[in-house]
Amino acid sequence: MAKNSNIEWTDATWNPWYGCNKVSPGCKHCYAERDMNRFDMNFSQVKRSKTKFDEPLKWDKPLEVFTCSWSDFFHGDADRWRTEAWDIIKNTPHFYRILTKRPENILDRLPKDWGDGYPNVMLVVSIENHDYVQRGYMLSRVPAQYRGISAEPLIGELDLLDLLANSQFNEVIVGGESGMKNSRPCHPLWINKIRLHCEIAQVPFFFKQWGAWLPINSDDFPMEFDPTPVSKIKRMLSLHPTGKTSDNAELTFPWIPMAKIGKQAAGRRFLGRIWDNKLNWRQ
Ligand code: SF4
Numbered sequence: 001m002a003k004n005s006n007i008e009w010t011d012a013t014w015n016p017w018y019g020c021n022k023v024s025p026g027c028k029h030c031y032a033e034r035d036m037n038r039f040d041m042n043f044s045q046v047k048r049s050k051t052k053f054d055e056p057l058k059w060d061k062p063l064e065v066f067t068c069s070w071s072d073f074f075h076g077d078a079d080r081w082r083t084e085a086w087d088i089i090k091n092t093p094h095f096y097r098i099l100t101k102r103p104e105n106i107l108d109r110l111p112k113d114w115g116d117g118y119p120n121v122m123l124v125v126s127i128e129n130h131d132y133v134q135r136g137y138m139l140s141r142v143p144a145q146y147r148g149i150s151a152e153p154l155i156g157e158l159d160l161l162d163l164l165a166n167s168q169f170n171e172v173i174v175g176g177e178s179g180m181k182n183s184r185p186c187h188p189l190w191i192n193k194i195r196l197h198c199e200i201a202q203v204p205f206f207f208k209q210w211g212a213w214l215p216i217n218s219d220d221f222p223m224e225f226d227p228t229p230v231s232k233i234k235r236m237l238s239l240h241p242t243g244k245t246s247d248n249a250e251l252t253f254p255w256i257p258m259a260k261i262g263k264q265a266a267g268r269r270f271l272g273r274i275w276d277n278k279l280n281w282r283q
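If you use the numbering used here, the sequence shown corresponds to residues 1 to 283, in order.
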């Protein structure tokens with residue numbers, strides 16, 4: 001089976017169930033909701049998949065699997081199907097990244113033989129800004145072979161230094177928001193802070209995408225970015241590290257001018273390079 005996902009950090013997605021409920025500002029533009037609406041499916045009802053539940057059993061080579069891209073694996077409404085899903089995970093050669101915004105649900109929903117964690121599972125918490133850093137601390141108390149943080153969409157400052165320095169985390173993935181008319185911009189100082197904290201704690205740092213907005217070089221901003229494709233600019237604004245925005249795109253540091261140019265044009269280069277470090281489970 002070939003890669004079935006365009007997401008930069010995975011080979012495949014697997015949705016044994018789909019549907020969810022929003023829990024925090026990171027969910028505001030949930031792409032699962034958007035995609036399910038396109039298919040005329042009811043997003044607010046969690047349903048077992050009739051066709052995809054045992055999909056990993058059919059894949060003929062080991063893959064990295066983003067588990068529950070259209071739901072939350074630890075959603076309480078999926079309790080009756082999770083044991084069967086754990087069995088599939090345990091008995092297949094794939095590597096599963098299980099993302100959740102509900103780390104408080106994990107401990108009661110691990111399989112009986114979990115022990116210190118399955119060797120082919122990374123538990124990942126999604127954290128969109130510092131208001132939700134507790135998700136990381138909750139995960140740090142769950143036994144697991146591998147743990148990760150997904151800071152996407154990153155919509156505010158996030159300080160990970162204490163968490164990363166005092167717990168075992170194997171990767172941090174960062175990305176801006178895309179895919180929506182009102183996608184929110186991502187300040188380069190937010191990204192750089194996480195990058196530095198990963199460097200200090202020696203945790204792999206992966207920059208997935210800028211999202212819809214790209215920063216524009218400004219004379220007084222102390223970082224340099226790749227040139228902006230001017231012909232693609234649809235809108236401009238200034239973004240402050242507090243998350244405040246202004247339609248005046250000429251405000252000075254720590255404001256940064258941002259141009260809305262779309263995910264593809266904005267790309268995923270940061271400070272002149274690609275940041276592609278993540279756990280290499282195939283080693
Ligand atoms: S937890 Fe994930 S799937 Fe559920 S609403 Fe939030 S972003 Fe969407």
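For glycine and all other residues, C-beta sits at the position ideal for the given N, C-alpha and C.
| Closer than 5 angstroms: residues whose CB approaches a heavy atom of ligand 1 | Neighbourhood of ligand 1, defined by CB distance below 5 angstroms to any of its heavy atoms: C20, K22, C27, C30, A32, D72, K101, in chain order.
| Hey, quick one: how far does the beta strand (DSSP E) through T13 stretch, first residue to last? | Numbered from 1 along the sequence shown, position 13 holds the residue referred to as residue 13. From DSSP, the beta strand (DSSP E) with T13 extends over 12-14.
| query | Can you find at least 3 beta carbon pairs, one from the segment 48-60 and one from the segment 111-125, that sit closer than 8 angstroms? | reply | Contact between the segment 48-60 and the segment 111-125 is absent, because fewer than three Cβ pairs lie under 8 angstroms.
| said: Across the segment 151-168 and the segment 188-198, are there enough close Cβ pairs to call them in contact, namely three or more that are closer than 8 angstroms? | reply: The answer is yes - the segment 188-198 touches the segment 151-168, with three or more Cβ pairs under 8 angstroms.
| said: Is the separation between the beta-carbon of E128 and that of G26 shorter than 8 angstroms? | reply: By one-based count along the sequence shown, residue 128 stands at place 128. By one-based count along the sequence shown, residue 26 stands at place 26. Judged by beta-carbon spacing, G26 lies within the 8 angstroms limit of E128, meaning their Cβ atoms are closer than that value.
| task | Within 10 angstroms of the Cβ of G76, are there 16 or more other Cβ atoms? Answer buried if so, exposed if not. | result | Reading the sequence shown from its first residue, position 76 is the one you call residue 76. It is exposed - the Cβ of G76 has fewer than 16 other Cβ atoms within 10 Å.
| CB of P257 within 8 angstroms of CB of P229, strictly | Residue mapping note: residue 257 aligns to position 257 of the sequence shown, counting from 1. Residue mapping note: residue 229 aligns to position 229 of the sequence shown, counting from 1. Not in contact: P257 and P229 (Cβ atoms no closer than 8 angstroms).
| message | Can you tell me whether Q264 is helix, strand or coil according to DSSP? | response | On the sequence shown, residue 264 is found 264 positions in, with the first residue counted as 1. In this structure, Q264 counts as helix in the three-state DSSP scheme.
| Cβ pair count under 8 angstroms reaching 3, the segment 132-151 against the segment 75-90 | By the criterion of at least three beta-carbon pairs nearer than 8 angstroms, the segment 132-151 is not in contact with the segment 75-90.
| query | Expressed to the nearest angstrom, what Euclidean distance is found between the alpha-carbon atoms of K278 and L189? | reply | Counting from 1 along the sequence shown, the entry for residue 278 is found at position 278. Counting from 1 along the sequence shown, the entry for residue 189 is found at position 189. K278 and L189 have their C-alpha atoms some 21 angstroms from each other.
| request: Provide the residue(s) that pair with I173 in DSSP beta bridges, ordered along the chain. | output: Within the sequence shown, numbered from 1, the residue matching residue 173 stands at position 173. Its beta-bridge partners are S150, F206.
| request: May I ask which residues mark the beginning and end of the beta strand (DSSP E) holding P215? | output: One-based indexing of the sequence shown puts residue 215 at position 215. From DSSP, the beta strand (DSSP E) with P215 extends over 213-215.
| Roughly how far, in whole angstroms, is the beta-carbon of R82 from the beta-carbon of R109, given that I think they are within contact range, below 8 angstroms? | For this step, residue 82 is matched to residue 82 along the sequence shown. For this step, residue 109 is matched to residue 109 along the sequence shown. With a Cβ gap of about 6 angstroms, R82 and R109 count as contacting.
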